[in-house]
Amino acid sequence: MTLEKAKIEELKTKYPQGIFEGAIDFTTTENTTEQVEFIYRKPVIADMESYSKAAQKNPITANLNLIQSLIVHPEPAPIITQLRDYPAAYSRFVDDVISPFFGANVAVRSRKL
268 MTLEKAKIEE LKTKYPQGIF EGAIDFTTTE NTTEQVEFIY RKPVIADMES
318 YSKAAQKNPI TANLNLIQSL IVHPEPAPII TQLRDYPAAY SRFVDDVISP
368 FFGANVAVRS RKL
């Protein structure tokens, strides 16, 4: 995603916890590949708490709402409209990209002694 340096600095100032570039590539029902690109802010604990609560009722909607709440550029509405019918695409982004911010990228081990 091409973004002017001034806009990047503006977003960094507005979101001091950090901003990141994201992209989701997905295949449509017409068998074409589309890509959405966006800048998102680093999620905070309040985002995870809200997401966890919503995911108990409807995990797919919770994933889409989380992405929408994190996008800071461009306006998220057109991106969400593009993604709405492709829940596997945005759910994968949440699982692979967003969840590690909350310590979900871990390896654990257990064995009987």
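In our numbering, the protein residues as written are 268 to 380.
For each residue, glycine too, the CB sits at the ideal point set by N, CA and C.
Element boundaries [alpha helix (DSSP H), containing residue i]
| i | result |
| --- | --- |
| Y438 | Outside the shown range of the chain, which is 268 to 380, sits residue 438, and nothing can be said about it. |
| F360 | 354 to 360 |
| I334 | 326 to 337 |
| I346 | 343 to 350 |
Alpha-carbon spacing of residue i relative to residue j, whole angstroms
| i | j | result |
| --- | --- | --- |
| E301 | A329 | 22 Å |
| V361 | E277 | 25 Å |
| K320 | S336 | 15 Å |
| A344 | I291 | 15 Å |
Burial state of residue i, where buried means 16 or more other Cβ atoms lie within 10 Å
| i | result |
| --- | --- |
| R351 | exposed |
| L333 | buried |
| R376 | exposed |
| I346 | buried |
| I312 | exposed |
| I327 | exposed |
| L331 | buried |
Rounded distance between the beta-carbons of residue j and residue i, thought under 8 Å
| i | j | result |
| --- | --- | --- |
| G289 | F305 | 5 Å |
Span of the beta strand (DSSP E) around residue i
| i | result |
| --- | --- |
| T384 | A query on residue 384 cannot be resolved here, the shown segment of the chain reaching from 268 to 380 and no further. |
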